[in-house]
Amino acid sequence: MDQPGSAEVSFLRRMIENNQKNSSLPNCAVDTSGASPSQSLLLGQFVETYEQLQGQPEAAACLVIGTPEGLQVEWRHGTAKSLHLHIDIKSFVRMQRSFPAPRQTGFNQALGRRSRRIVDATGGWGTDALRMCAQGLDVTIIERHPLMGLLLTDAMQRLSATDWAERNRVAIPRVVIGDSITTLQSMEAQADCVYLDPMYPLRRKGTAAVNKYMQFLQWLVGPDGDAAQLLTAALQVCKRVAVKRPDAASPIQANPDTAFSSKLVHYDVYLTRDNSPPDSQ
Ligand SMILES: C[S@@+](CC[C@H](N)C(=O)[O-])C[C@H]1O[C@@H](n2cnc3c(N)ncnc32)[C@H](O)[C@@H]1O
């Protein structure tokens, strides 16, 4: 039935290795009471790995709980009412009309019209990676924060068990827990495009549902001060790097080769020399 498999075991090993040196979890705890056996295993190992997680659940600003809808974050930071956040695979699957899903102006122009293998090197909540997956692209997600890595791993396991994924033989995104600056260099498979969406300061506090997810990430991981370093690392291993930026933000590195606009954001595209002329369609 719901037994932990080799994917979970290798995930845990990676998580432990990567985060012995790089752990920063503010006041979090876990509650396994509603968790499935595989979720319990993930959560149990998660607690063992990080001493700071062993606090009292009722005192924690962030509680990770197992639910039938997947691992969920209960965030009590600075609000009277706690917020429940999770990667909503059920809704994602419900929204799929056809497979592969249609391509989107801006987003897919930035990835490159011939690109099939994408590394999403800033995984976050996996929204962009799921969009790529729905379009039939082969996606590897890299995420350095262990909690986000845990949520992504659980979400992709649930995605792989859906009828939609089975029926359409969907390539489920692989999740790698680690810092992309180093992880990208050790990846065997060549990607057609590395996609980056580093953190940027929220301009205004929003009430839209999507914003609470970004507010949580701001609280959990803070600003990505090494985004320029990440872009340099990506350009060393891939001929095409697409960087998502808010409309008002300046490029991470001056003079992108091309840029594409979308709703409220744009994508700066950097190409290494051997990829010219630019694939700009
Ligand atoms: C703005 S969020 C990405 C949101 C994502 N595109 C989505 O659709 O949900 C940025 C994420 O990238 C991660 N990140 C930033 N720099 C990273 C790096 N060098 N390696 C791995 N993950 C990184 C952060 O921990 C954070 O979770």
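Heads up: the sequence shown is residues 0 to 280, going by numbering that gives the first Met the number 0. C-beta: ideal position from N, C-alpha, C; glycine also.
### Message
List, from N- to C-terminal side, the alpha helix (DSSP H) runs of 4 residues or more that fit wholly inside the region 71 to 139.
### Response
88 to 93, 106 to 110, 126 to 133
### Message
Suppose contacts are defined by Cβ-Cβ distances below 8 Å. Is residue 72 in contact with residue 84 by that definition?
### Response
yes
### Message
Are there any heavy atoms of ligand 1 lying less than 7 Å away from the beta-carbon of residue 147, as far as the coordinates show?
### Response
yes
### Task
Go ahead and pull the three-state DSSP assignment for residue 145.
Taken through DSSP and simplified to helix, strand or coil, residue 145 comes out as helix.
### Query
Between the beta-carbon of residue 198 and the beta-carbon of residue 222, is there less than 8 Å?
yes
### Message
If I follow the unbroken beta strand (DSSP E) through residue 30, where does it start and stop?
### Response
27 to 30
### Rounded Cβ spacing between residue 69 and residue 86 (contact assumed at less than 8 Å)
About 6 Å separates the two Cβ atoms, so the contact holds.
### Query
Start and end of the beta strand (DSSP E) containing residue 171?
Where residue 171 is concerned, there is no enclosing beta strand (DSSP E), given that its DSSP letter is neither H nor E.
### Query
Just to check, is the beta-carbon of residue 216 closer than 7 Å to a non-hydrogen atom of ligand 1?
Because some heavy atom of ligand 1 lies under 7 Å away, the Cβ of residue 216 counts as near it: yes.
### Task
Evaluate residue 266 with the Cβ neighbour count: other Cβ atoms within 10 Å of its Cβ, from every protein chain shown; 16 or more gives buried, anything less gives exposed.
buried
### Query
Using the beta-carbon count (16 or more within 10 Å), is residue 263 buried or exposed?
exposed
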